[in-house]
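**Student:**
Residue numbers (the numbering used here): 6 to 606.
Given below as structure tokens:
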């Protein structure tokens with residue numbers, strides 16, 4: 006009996022072992038990437054915060070503080086943070102947006118091929134997980150995502166586009182436009198193969214037509230040569246051109262609400278500016294179809310809109326204000342491979358992990374980092390005087406960032422506490438004649454500016470031996486009705502991510518066209534939403550028209566002279582989206598009383 010029991014137990018154990026082994030083959034391999042088994046390293050870039058870094062890696066800020074105690078006080082661009090790997094439990098069969106990843110910091114001598122072998126996954130899977138990966142971004146110290154994969158050696162599939170020529174007999178009433186639509190080609194492609202088309206399209210003509218087809222080529226990782234794998238990083242990317250641009254504008258116009266939002270008028274103005282951009286592009290021969298939808302509150306109405314085939318087939322979505330709607334639209338855009346432009350807020354996390362997102366409004370931390378670098382470049386050899394007026398709206402983060410920049414580069418500066426009864430004398434005793442002086446208040450409020458501008462002007466006008474500049478903030482441009490003359494006398498500079506010079510021809514033309522179309526003036530707020538809608542539409546639609554749906558591969562070639570908002574998009578990491586890091590330095594020039602806008606790239 007005992008022998009029978011032993012045999013039964015033995016069989017059961019073997020069965021359980023086989024079952025466990027079978028299940029194990031379907032589990033995900035979790036491989037940490039090396040240095041300390043459970044951590045990797047992140048090199049801090051200008052403008053990044055601990056919160057943003059934690060969010061992009063799917064961990065909490067306390068996880069970073071635990072491994073990097075000094076980061077509670079300050080982090081500096083160029084320094085490295087120890088980052089813990091998060092737990093992973095998902096399969097390669099999950100949708101891209103739902104998969105989990107480990108992270109790897111690229112080490113000396115590592116290549117795409119060596120990482121593919123190390124993690125036993127196809128190189129194309131690494132590239133798919135990191136849309137921003139290229140020869141220029143695959144470098145030592147950069148972090149990439151490693152997708153979770155099954156234990157089996159998965160095949161590597163590459164989709165190749167081939168072009169074949171066919172002959173076609175032109176039918177009656179067919180035009181060049183109809184031919185391009187019929188075969189999804191451009192007129193230039195047809196004319197290059199059929200020079201006779203330059204004289205016109207005629208029925209009965211036999212023409213050559215390029216027909217594109219996609220072919221999947223499958224290879225195992227082990228079959229690919231090292232040089233072929235590494236060459237994937239530099240493979241040319243074809244332009245995905247479209248004949249007609251389809252865009253969707255999704256904003257909370259609140260048309261069904263009894264009481265509309267105070268922002269409704271601004272959203273309508275944005276829409277009106279976008280329409281002017283569509284009109285301008287149409288006049289230049291670019292076909293645009295615009296779909297406009299009211300998103301209402303929350304995500305319920307959005308979920309209904311997402312069922313529309315029309316939205317699934319657009320090339321670009323502009324919209325959403327609140328984070329819940331932004332996240333919903335961003336997920337829809339990612340699922341349907343659509344570019345999503347966030348036009349207003351700078352406080353959204355989707356851009357950190359969604360490669361389809363373009364965030365127009367610069368996050369404050371990035372703005373402060375770039376502004377402090379610009380201020381250093383301008384004033385490193387000046388006599389720098391910070392003035393504390395004890396006002397609200399203090400620019401604490403900018404001042405902290407700028408002072409850190411100065412301290413790291415051994416540039417001296419002076420802190421002056423404002424006293425109303427003696428400010429003119431106090432500041433004059435600090436001015437020097439052997440170099441220029443710059444005055445920087447700690448607050449951007451009108452109250453702070455009013456406290457110092459008249460005494461400073463008095464000192465400057467009474468003492469021409471002192472060369473003085475005033476440096477300030479984006480909101481100062483909203484004070485010009487009261488302060489413009491003082492700005493010129495004090496040779497003032499401000500930093501800002503938006504600026505429209507009302508004296509320029511481009512701004513005057515826009516104001517005139519807007520009033521002609523809508524019989525009203527723009528709302529007196531900053532930035533002007535009508536101009537923002539126009540600039541955004543012109544930038545993105547002209548970019549797609551020229552460089553295709555994958556225009557992000559040519560961002561360095563895109564040149565657009567904005568009216569108010571400049572665009573300088575950079576990918577936040579190898580797998581995330583793009584933020585606008587454009588910055589203007591505006592100079593109210595004392596010499597000729599002109600206002601000059603310098604765009605910093």
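Built from N, CA and C at the ideal position, the CB exists for glycine as well.
Please name the residue in 175, 303 and 485 whose C-alpha comes closest to that of residue 328.
**Tutor:** Cα-wise, what sits closest to residue 328 is 303.
**Student:** Using DSSP with H/G/I as helix, E/B as strand and the rest coil, what is residue 563?
**Tutor:** DSSP places residue 563 in coil when its eight states are reduced to three.
**Student:** Classify residue 593 as helix, strand or coil using the three-state DSSP reduction.
**Tutor:** In this structure, residue 593 counts as strand in the three-state DSSP scheme.
**Student:** Mind checking which residues open and close the beta strand (DSSP E) that includes residue 255?
**Tutor:** 250-256 is the span of the beta strand (DSSP E), which, as asked, contains residue 255.
**Student:** Within the region 113-155, note down every full alpha helix (DSSP H) run reaching 4 residues or more, in order along the chain.
**Tutor:** Those alpha helix (DSSP H) runs which fall completely within the region 113-155 and span 4+ residues are 117-124 and 128-134.
**Student:** Using DSSP with H/G/I as helix, E/B as strand and the rest coil, what is residue 576?
**Tutor:** Correct three-state label for residue 576: strand.
**Student:** Compute the distance between the beta-carbons of residue 398 and residue 449, then report whether it is under 8 Å.
**Tutor:** Closer than 8 Å, so yes.
**Student:** Helix, strand or coil for residue 191, going by three-state DSSP, please let me know.
**Tutor:** DSSP places residue 191 in coil when its eight states are reduced to three.
**Student:** Using a threshold of 8 Å, state whether the C-beta atoms of residue 464 and residue 433 are closer than that.
**Tutor:** Yes, the Cβ-Cβ distance between residue 464 and residue 433 is below 8 Å.
**Student:** If I follow the unbroken alpha helix (DSSP H) through residue 446, where does it start and stop?
**Tutor:** Unbroken run through residue 446 is the beta strand (DSSP E), 442-446; no alpha helix (DSSP H).
**Student:** From residue 32 to residue 289, what distance separates their C-alpha atoms?
**Tutor:** Low confidence applies to residue 32: its pLDDT is 33, below 50, so where it sits in the model is not reliable, and the reading given next is rough at best. So the alpha carbons of these two residues sit roughly 55 Å apart.
**Student:** Using the C-alpha atoms, what's the distance from residue 236 back to residue 310?
**Tutor:** Approximately 42 Å, taken between the alpha carbons.
**Student:** Grouping DSSP H, G and I as helix and E and B as strand, with all else coil, what is residue 428?
**Tutor:** Correct three-state label for residue 428: helix.
**Student:** Which residues in the same chain have their Cβ closer than 7 Å to the Cβ of residue 77, if we skip the five residues on either side of it in sequence?
**Tutor:** Result list for residue 77: 70, in chain order.
**Student:** If you draw a straight line from the alpha carbon of residue 139 to that of residue 425, how long is it in whole angstroms?
**Tutor:** If I take the Cα positions, the gap works out to 57 Å.
**Student:** Can you find the residues in the same chain that come closer than 7 Å, C-beta to C-beta, to residue 586, ignoring five residues on each side of it along the sequence?
**Tutor:** Closer than 7 Å at the Cβ level, and outside the excluded window around residue 586, lie 367, 371, 375, 573 and 575.
**Student:** Between 194, 230 and 205, which has its C-alpha nearest residue 213's C-alpha?
**Tutor:** The shortest Cα separation from residue 213 among 194, 230 and 205 belongs to 194.
**Student:** Are there three or more Cβ pairs, one per stretch, closer than 8 Å when the region 515-534 is compared with the region 269-285?
**Tutor:** Judged by Cβ distances under 8 Å, the region 515-534 makes contact with the region 269-285, as three or more pairs qualify.
**Student:** Where do the ends of the beta strand (DSSP E) carrying residue 324 lie?
**Tutor:** Residues 321-324.
**Student:** Pick helix, strand or coil for residue 284, following the three-state DSSP scheme.
**Tutor:** In the structure shown, residue 284 sits in a helix (DSSP, three-state: H, G or I).
**Student:** For residue 479, which three-state DSSP category applies?
**Tutor:** In the structure shown, residue 479 sits in a helix (DSSP, three-state: H, G or I).
**Student:** Here's a check: name, in chain order, each residue in its chain whose Cβ is nearer than 8 Å to the Cβ of residue 291, leaving out the five neighbours to either side.
**Tutor:** Hits under 8 Å: 250, 546, 547 and 550.
**Student:** Closest to residue 182 by CA distance: which of 171, 202 and 81 is it?
**Tutor:** Out of 171, 202 and 81, 202 has the C-alpha closest to the C-alpha of residue 182.
**Student:** From what residue to what residue does the alpha helix (DSSP H) around residue 68 run?
**Tutor:** Residue 68 -> alpha helix (DSSP H) spans 66-72.
**Student:** Buried or exposed: where does residue 83 fall if 16 or more other Cβ atoms within 10 Å of its Cβ makes it buried?
**Tutor:** Flag for residue 83 reads exposed.
**Student:** Compare the C-alpha of residue 125 against each of 145, 108 and 151 and name the closest.
**Tutor:** Residue 125 has its Cα closest to that of 151, out of 145, 108 and 151.
**Student:** For residue 167, count neighbouring C-beta atoms within 10 Å of its own C-beta (all shown protein chains included) and say buried if the count is 16 or more, exposed if not.
**Tutor:** Label assigned to residue 167: exposed.
**Student:** Just the C-alpha distance for residue 406 and residue 422, rounded to the nearest angstrom, thanks.
**Tutor:** Whole-angstrom Cα-Cα distance: 20 Å.
**Student:** Whole-angstrom Cβ separation of residue 385 and residue 447, contact assumed at under 8 Å?
**Tutor:** That belief does not hold up - the Cβ atoms of residue 385 and residue 447 are roughly 20 Å apart, past 8 Å.
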